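Residue numbers (UniProt numbering): 1 to 223.
Notes follow the structure.
In structure tokens form, the structure reads like this:
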């Protein structure tokens, strides 16, 4: 039960999934690394977009196969009018192999699929004009495109993400750095703790205050 619940919780987290497949009611964790409440305290249902993965499944659109012990039948594939793998990405580790597919923007992926269907011989540069790169749920800034191109060409590559920040002035004229977006899968609480450690160890100078003013309206780290 716990493995299934943890997977479902992740599908309801807007900081993990670009397009959430589950609508959760209750405490489903946070970008600070807080755990979700126990399953008896939460409720969940499939989101509208996830219904597109199952749409027309009962209309003989796909093949079925035996499950692991032959007691039931399970779909070989889903009808999937929603390109979930490309849009939400995937991460996993198995014996001798691993994958880490980044999420992408739905509209760009649909346009890309249409372009490939019209021209199966489309080149990578042409496709990257339509899908320029990943689109992460926590936003942030991607530095450079060479890593993206290499990943798309070879299946291997790294993408450098940076937090989005701006400098403002307080009423007293003191400059403050306001961080409104952080890189994908970065724990916000741990990030703030790490900055505080660097200040305490005198590895960063000039920071006199550090606080988290994030609320339901969005992220706001004040340095």
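Think of the CB as a built atom: it goes at the ideal place given N, C-alpha and C, for glycine as much as any other residue.
It should be emphasised that the depicted structure is a prediction, and the values quoted were computed from it without experimental measurement.
Worksheet entry | Residues near residue 17 in its chain [Cβ-Cβ closer than 8 Å; skip 5 each side] | Here residue 17 has 10, 11, 88, 103, 137 as same chain residues with Cβ atoms under 8 Å from its own Cβ, once five neighbours each way along the sequence are excluded.
Worksheet entry | Proximity below 9 Å, CB of residue 182 to CB of residue 188 | Taking the C-beta atoms as reference points, residue 188 is found nearer than 9 Å to residue 182.
Worksheet item: With distances taken from CA atoms, which of 57, 84, 85 is nearest residue 74?
Response: Ranking 57, 84, 85 by CA distance to the CA of residue 74 puts 57 first.
Worksheet item: What are the complete beta strand (DSSP E) segments, minimum 3 residues, inside the segment 12-46?
Response: Runs found: 22-25, 43-46.
Fill in: Cβ pair residue 195, residue 178 closer than 9 Å
Cβ atoms of residue 195 and residue 178: not closer than 9 Å.
Worksheet item: Of the choices 142, 172, 76, 147, whose alpha-carbon is the least far from that of residue 164?
Response: Considering only alpha carbons, the answer is 142.
Worksheet entry | Bridge-paired residues (DSSP) for residue 222 | 178, 211.
Discussion item. DSSP three-state label for residue 61, please.
Written reply: Residue state, collapsed to three classes: coil.
Discussion item. As a quick exercise: from 27, 42, 78, pick the residue whose alpha carbon is nearest that of residue 52.
Written reply: Checking every option, the nearest Cα to that of residue 52 belongs to 78.
Worksheet item: Cα-Cα, which of 8, 5, 32 is closest to residue 220?
Response: Of the listed residues, the one whose Cα sits closest to residue 220 is 32.
Worksheet item: Does the segment 120-132 come close enough to the segment 143-152 that 3 or more CB-CB pairs lie under 8 Å?
Response: In short, these stretches touch, since the Cβ pair count reaches three.
Item to complete: Consult DSSP for residue 203 and reduce its assignment to one of helix, strand or coil.
Response: Here residue 203 sits in coil by DSSP.
Discussion item. Measuring only the C-alpha atoms, how far is residue 20 from residue 30?
Written reply: Near 14 Å, if we compare the C-alpha coordinates of residue 30 and residue 20.
Practice prompt. Let me know if residue 84 comes out buried or exposed under the rule of 16 or more other beta-carbons within 10 Å of its beta-carbon.
Written response: Buried is the call here.
Practice prompt. Enumerate in chain order the residues of its own chain whose CB-to-CB distance from residue 218 is below 7 Å, with the five nearest sequence positions on each side excluded.
Written response: These residues qualify, in order along the chain: 180.
Worksheet entry | Reference residue 14; option with closest CA among 200, 201, 184, 202 | The alpha carbon of residue 14 has as its nearest neighbour, out of 200, 201, 184, 202, the alpha carbon of 184.
Item to complete: Name the one or two DSSP bridge partners that residue 145 has.
Response: In the DSSP assignment, residue 145 is bridged to no other residue.
Practice prompt. Can you tell me which of the three DSSP states residue 78 falls into?
Written response: In the three-state reduction of the DSSP assignment, residue 78 falls in the coil class, being assigned neither a helical nor a strand state.
Worksheet item: Going by Cα to Cα distance, which pick from 65, 100, 35 is closest to residue 157?
Response: With distances taken between Cα atoms, residue 157 lies closest to 100.
Worksheet entry | Exposure of residue 70, with buried meaning 16 or more beta-carbon neighbours within 10 Å | When all chains shown are included, residue 70 counts as exposed.
Discussion item. Can you tell me which residues form a DSSP beta bridge with residue 97?
Written reply: Paired residue(s): 94.
Worksheet entry | For residue 167, the three-state DSSP class (helix, strand or coil) | It is a strand residue.
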